[in-house]
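Student: Would you mind keeping the following structure in view while I ask a few things?
Next comes the structure, spelled out in structure tokens:
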């Protein structure tokens, strides 16, 4: 089986862009037509609303983008109904040929990390194609995920530099001795974990998360981890521009994927919007993002 | 309503010990009697086995310890059946008067952190009394959790120094300027976030996770965060002794809780063990831990 990195790069080439649609279920922001008749907060209504909303989004963007990024926190807040919808969203996305990045920021030590890897990177209800993880617990906490990626042809995105202002608090701290920021020490481990997992594309399946809001850091990390695919959140609603996201790309337009959530799925102004107008809004928002990102990154011409 | 810290300290006083039973569902380690007749891996069997196992453990330890710590990773690995069992375990524990520390090592930025706080610290299917979180994303990622704790009388445990060898990789890194380890910079933020959330016990509901395997770090962090309750994992199976766990306590025997998982629930040698012998094993293991920890920490005499 192809590595995750190769599948992602292939899909970026085929779709002609590196854009990811983020799926953040927030029922309070969804259009009335999707909630109508099931306003009571219940497991069944949570499951139905969140599933239906995302199936509609997936149908609208499946031919446009290479992957989607469901955010686990927003599913978990709806309890069991939310997790049933998560299963549904992930399966619906994969059945439409979209790669799934489960955004869970998971991690723990040894056998517990293995359990998270089993949950999201093997044949379970929640099986995705890749998972975001946090690095604070150290290299031995990342190793079980890397092993699962090698075994099941899955991918990992380790948070290096997040898109929020608070990313400066610890991630940017210069270390004694080198004077270099903490995130560079973590980048070295990501490179090392990925070096035996290179696919035909030249990229490894151990990637990194680097926010679009800090282009200088993006440029530095791009250079430090030439074989890592960078997942770039923070574009759009969080203030990252296409130009700043472009800092995480190689000159050939590959090496990174850019995610937008609210700007795509909640970019309409009136919750009374019709189903048809909602579909148009999601599609237009996606096409606008694709246009901006492709222009900024000189992505390759789509294969017909 | 009492703060989380006050409820935990009260319960430690009433039970006469600061021991926490960790709940790590691992069906492959469970006794045959709990799996018999439902060996097929299915949502229903996962739900039933994991729920029944933990209800039996809870019935066995509810009169002995102040709290339990279900590990979300091990529940998530069983998919929807696992999450149904998580809901069951949490409700079963709380209905037996046990406080629940949801061990999820969650975190993310801004509104996503709020969604995790909603999921585990408000009235949802997964409502616990407290949650473990990771600090890498910075102070503004911790703030929404602290707000939820203040609003709903819940608690937080921020991972500072984990019990694994890899905790040295980043957590111990001395920072330029101060030369002090990264975890001390995070400890300062934990103290600051908790300073307006002190209960009558004098402890705040913003606590920290410090592994039993590094007593020198435990002593330093105990001194740096006098009002934080420290959750101490790594006792027993991971090699932390009662003496090293004691480094995280105040001299009056308060200020920390110690967790053991495998050593309590999987401390038997033969999977053919009877139900009665399993209950005896769990109870004996818990009593032995209590005895060791109480001796090492000079915990207060139980209130009759």
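Residue numbers (my numbering), protein chains in the order written: chain A, 1 to 304; chain B, 305 to 608.
Quick reminder that beta carbons are idealized off the backbone N, C-alpha and C, glycines included.
Just so we're clear, the structure is a prediction, and the values are computed from it rather than from any experiment.
1. Distance check for residue 579 (chain B) and residue 487 (chain B), CA to CA, integer angstroms please.
2. Tell me the DSSP secondary structure of residue 243 (chain A) in three-state form.
3. Is it buried or exposed for residue 450 (chain B), if we count other Cβ within 10 angstroms and need 16 for buried?
4. Could you pull out every unbroken beta strand (DSSP E) segment of at least 3 residues lying fully inside the stretch 342-383 of chain B, listed in chain order?
5. With the cut-off set at 8 Å, would you say residue 99 (chain A) and residue 62 (chain A) are in Cβ contact?
6. Measuring CA to CA, which of B:364, B:527 and B:428 is closest to residue 555 (chain B)?
7. Mind listing the chain B neighbours of residue 74 (chain A)? Cutoff is C-beta to C-beta under 8 Å, in chain order.
8. Less than 8 Å between the C-beta atoms of residue 452 (chain B) and residue 425 (chain B), yes or no?
9. Less than 8 Å between the C-beta atoms of residue 559 (chain B) and residue 515 (chain B), yes or no?
10. Three or more C-beta pairs under 8 Å: does that hold for the stretch 338-356 of chain B against the stretch 307-325 of chain B?
11. For the ligand GDP, is there a heavy atom less than 7 Å away from the beta-carbon of residue 541 (chain B)?
12. Residue 387 (chain B) touches chain A at which residues, Cβ-Cβ below 8 Å?
13. Note down, one range per segment and in chain order, each beta strand (DSSP E) of at least 3 residues found wholly within the stretch 152-217 of chain A.
14. State the DSSP-derived secondary structure class of residue 420 (chain B), mapped to helix, strand or coil.
15. Between the alpha carbons of residue 294 (chain A) and residue 17 (chain A), how many angstroms are there, rounded?
16. List, in chain order, every chain B residue whose beta-carbon is nearer than 8 Å to that of residue 107 (chain A).
17. Quick one: what's got a C-beta closer than 7 Å to residue 117 (chain A)'s C-beta in the same chain, skipping five residues either side?
18. What residues in the stretch 163-188 of chain A bring their beta carbon closer than 8 Å to a beta carbon of chain B?
19. Determine the burial state of residue 520 (chain B): buried for a count of at least 16 other Cβ atoms within 10 Å of its Cβ, exposed for fewer.
20. Report yes if the C-beta distance between residue 25 (chain A) and residue 75 (chain A) is below 8 Å; otherwise report no.
21. Between the stretch 129-155 of chain A and chain B, which residues of the former have a C-beta closer than 7 Å to a C-beta of the latter?
22. If I follow the unbroken beta strand (DSSP E) through residue 286 (chain A), where does it start and stop?
23. Express the C-alpha separation of residue 163 (chain A) and residue 245 (chain A) in angstroms, rounding to a whole number.
24. According to the neighbour-count rule (16 or more other Cβ atoms, all chains shown, within 10 Å of its Cβ), is residue 469 (chain B) buried or exposed?
25. Less than 8 Å between CB atoms is the rule here; does residue 393 (chain B) satisfy it with respect to chain A?
26. Candidates A:95, A:101, A:79 and A:37: which alpha carbon is nearest residue 19 (chain A)'s?
27. Is residue 269 (chain A) buried or exposed, if buried means 16 or more other CB atoms sit within 10 Å of its CB?
28. At the level of alpha carbons, what is the spacing between residue 264 (chain A) and residue 439 (chain B)?
29. Jot down the residue ranges of each uninterrupted alpha helix (DSSP H) in the stretch 124-154 of chain A, minimum 4 residues, whole runs only, in chain order.
30. Measure the beta-carbon distance from residue 206 (chain A) to residue 221 (chain A) and round it to whole angstroms, keeping in mind my assumption that it falls under 8 Å.
31. Excluding the five sequence neighbours on either side, which residues of its own chain have a C-beta within less than 6 Å of the C-beta of residue 384 (chain B), listed in chain order?
32. Apart from the five residues just before and just after residue 159 (chain A), which ones in its own chain have a Cβ nearer than 6 Å to its Cβ?
33. Provide the residue span of the beta strand (DSSP E) that contains residue 332 (chain B), from first to last.
34. In three-state terms, what does DSSP make of residue 260 (chain A)?
35. CB residue 372 (chain B) to CB residue 590 (chain B), shorter than 8 Å?
36. Within 8 Å of any Cβ in chain B, is that where the Cβ of residue 71 (chain A) sits?
Tutor: On the basis of the data shown:
1. So the two alpha carbons sit approximately 44 Å from each other.
2. Residue state, collapsed to three classes: helix.
3. Under this definition residue 450 (chain B) is a buried residue.
4. Here the runs fully enclosed are 371-374.
5. Their beta carbons are not under 8 Å apart, which means residue 99 (chain A) does not touch residue 62 (chain A) by this criterion.
6. When each option's Cα is compared against that of residue 555 (chain B), the closest is B:527.
7. Near residue 74 (chain A) (Cβ distances below 8 Å), the residues of chain B are 416 and 419.
8. With respect to the 8 Å criterion, residue 452 (chain B) and residue 425 (chain B) are classified as neighbours on the basis of their beta carbons.
9. No, they are not a contact pair.
10. Between the stretch 338-356 of chain B and the stretch 307-325 of chain B, the count of Cβ pairs shorter than 8 Å is below three; the stretches do not touch.
11. As far as ligands go, the structure on display features none, and thus does not contain the ligand GDP.
12. One finds 80 and 83 in chain A with Cβ atoms closer than 8 Å to the Cβ of residue 387 (chain B), taken in chain order.
13. 155-161 and 204-210, all fully within the stretch 152-217 of chain A.
14. Judged by DSSP in its simplified three-state form, residue 420 (chain B) adopts helix.
15. Looking at the two C-alpha atoms, the distance is approximately 6 Å.
16. Correct list: 409 and 438.
17. Closer than 7 Å at the Cβ level, and outside the excluded window around residue 117 (chain A), lie 144, 145 and 148.
18. So the list reads 163, 164, 165, 166, 167, 168, 169, 170, 171, 173, 174, 175, 176, 177, 179, 182, 185 and 186, given in the order they occur along the chain.
19. Here residue 520 (chain B) is exposed: its Cβ has fewer than 16 other Cβ atoms, across all protein chains shown, within 10 Å.
20. Less than 8 Å separates the beta-carbon of residue 25 (chain A) from that of residue 75 (chain A).
21. Result list: 134, 135, 136, 137, 138, 139, 140 and 141.
22. Not the beta strand (DSSP E): residue 286 (chain A) falls in the alpha helix (DSSP H), residues 275-297.
23. Cα to Cα, the separation comes out at about 11 Å.
24. It counts as exposed.
25. False, the Cβ-Cβ gap to chain A never drops below 8 Å.
26. Of A:95, A:101, A:79 and A:37, the smallest CA-CA separation from residue 19 (chain A) is found for A:101.
27. Residue 269 (chain A) comes out exposed.
28. For the pair residue 264 (chain A) and residue 439 (chain B), the Cα-to-Cα distance works out to about 29 Å.
29. Whole alpha helix (DSSP H) segments, 4+ residues: 139-152.
30. About 14 Å separates the beta carbon of residue 206 (chain A) from that of residue 221 (chain A), a gap too long to meet the 8 Å contact definition.
31. Excluding residues up to 5 positions away in sequence, 347 lie with their Cβ nearer than 6 Å to the Cβ of residue 384 (chain B) in the same chain.
32. Excluding sequence neighbours, residue 159 (chain A) sits near 134 and 209.
33. For residue 332 (chain B), no beta strand (DSSP E) encloses it, and the DSSP letter there is neither H nor E.
34. Residue state, collapsed to three classes: strand.
35. No, these two residues do not count as a Cβ contact at 8 Å.
36. Interface residue, yes.
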